[in-house]
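S.K.: The structure's right below; bear with me while I get my questions together.
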Amino acid sequence: MLTVLIPSFNHEEYILDCLRSAADINLEGMKILVVDDGSTDGTVNVVERFVADNKNIDVKLVKKENAGLVDSLNIGLSLIKTDYIIICASDDYLLSLGVRKCLDSISKDKKYKFAIGNAIILSEKGIKVDVERFRELMKEQKKRSRDARKNAGAD
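Reading the sequence shown from the start, the letters are residues 341 to 495 in our numbering.
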């Protein structure tokens, strides 16, 4: 049915919430695949503890040397055998209802090959970020970067 692919690297503080949110989707035949990219913090320990504590959930951990996100995704995608895949960064978390709505949409009509959901942006403290203010800040940052490049080229 569905595999949640979680590429991870040094997200010890966040991955447990990510795993819990994936488990909350709770669809029959669902799998969770974590591909760890050589984390040097406690990320792998957190995942191993989650696996040990949740034997009723199909969670697999692949540990590999650090080779980057694309390598982790390629390895994960090569191992997945389910009809549907959702990719979730290890410092993000999924909303069960949103995932179910996406699956509902693409499974109703086979001409659809993928679905893209929305996001809620949270600060590191878990506080919802005002999206409009976030967009304004990103525009300001891009303008400053552009101006800095122009000024650097003027020397």
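Glycine is no exception: its CB is placed at the ideal position from the N, C-alpha and C atoms.
#1: Excluding five sequence neighbours on each side, which residues of the same chain lie with their C-beta closer than 6 Å to the C-beta of Lys371?
#2: For the beta strand (DSSP E) that Thr422 lies in, which residues bound it at each end?
#3: Which first and last residues belong to the beta strand (DSSP E) in which Ser361 is found?
#4: Beta-carbon separation of Leu434 and Cys428 under 8 Å?
#5: Grab the span of the alpha helix (DSSP H) containing Val384 for me, first residue to last.
#6: Am I right that Thr383 and Asp376 are in contact with their C-beta atoms under 8 Å? What's the rounded C-beta distance?
#7: Can you look up Ser348 in the DSSP assignment and give me helix, strand or coil?
#8: Helix or strand or just coil, what does DSSP make of Asp377?
#9: Leaving aside the five residues before and after Tyr424 along the sequence, list all residues of the same chain whose C-beta is less than 7 Å from its C-beta, in chain order.
#10: Just list the residues that DSSP pairs Ile460 with in beta bridges.
#11: Ordered along the chain, which non-local residues of its own chain (more than five positions away) have a Cβ less than 7 Å from that of Asp357?
#12: Measuring straight from C-alpha to C-alpha, what distance separates Phe349 and Leu417?
#13: Take Gly369 as the anchor and find which of Leu409, Ile420, Thr380 has the nearest alpha-carbon.
#14: Which partner residues of Ile372 appear in the DSSP bridge assignment?
#15: State yes or no: is the C-beta of Met478 nearer than 7 Å to some heavy atom of the ligand ATP?
#16: Return the Cβ separation of Ile355 and Val387 in integer angstroms, given the expectation that the two are a contact with Cβ distance under 8 Å.
M.R.: On the basis of the data shown:
#1: Counting from 1 along the sequence shown, the entry for residue 371 is found at position 31. Contacts found: Thr343, Asp398.
#2: For the purposes of this step, residue 422 is identified with residue 82 of the sequence shown, where counting begins at 1. Here Thr422 belongs to no beta strand (DSSP E), and DSSP marks it neither H nor E.
#3: Reading the sequence shown from its first residue, position 21 is the one you call residue 361. Element bounds for Ser361: not the beta strand (DSSP E) but the alpha helix (DSSP H), 355-363.
#4: For the purposes of this step, residue 434 is taken as residue 94 along the sequence shown, with counting starting at 1. For the purposes of this step, residue 428 is taken as residue 88 along the sequence shown, with counting starting at 1. Yes; because the gap between Cβ atoms is below 8 Å, this pair is in contact.
#5: Taking the sequence shown and counting its residues from 1, one reaches residue 384 at position 44. Start and end: 383-393.
#6: One-based indexing of the sequence shown puts residue 383 at position 43. One-based indexing of the sequence shown puts residue 376 at position 36. Confirmed, about 6 Å.
#7: In the sequence shown, residue 348 corresponds to position 8, counting from 1. Reduced to three states, the DSSP call for Ser348 is strand.
#8: For the purposes of this step, residue 377 is identified with residue 37 of the sequence shown, where counting begins at 1. It is a strand residue.
#9: Indexing the sequence shown from 1 puts residue 424 at position 84. Same-chain partners within the cutoff: Met341, Leu342, Leu443.
#10: Counted from its first residue, the sequence shown places residue 460 at position 120. Ile460 is not bridged to any residue.
#11: The residue you call residue 357 lines up with position 17 of the sequence shown. Counting only Cβ-Cβ distances below 7 Å, and skipping sequence neighbours, we find Tyr433.
#12: In the sequence shown, counting from the first residue as 1, residue 349 sits at position 9. In the sequence shown, counting from the first residue as 1, residue 417 sits at position 77. Their Cα atoms are separated by approximately 17 Å.
#13: Position 29 of the sequence shown holds residue 369. Nearest of Leu409, Ile420, Thr380 to Gly369, Cα basis: Ile420.
#14: Within the sequence shown, residue 372 is the residue found at index 32, counting from 1. Answer is Val344, Val399.
#15: As for the ligand ATP, it is missing from this structure, which has no ligand bound.
#16: For this step, residue 355 is matched to residue 15 along the sequence shown. For this step, residue 387 is matched to residue 47 along the sequence shown. Yes, Ile355 and Val387 are in contact; Cβ-Cβ is about 6 Å, under 8 Å.
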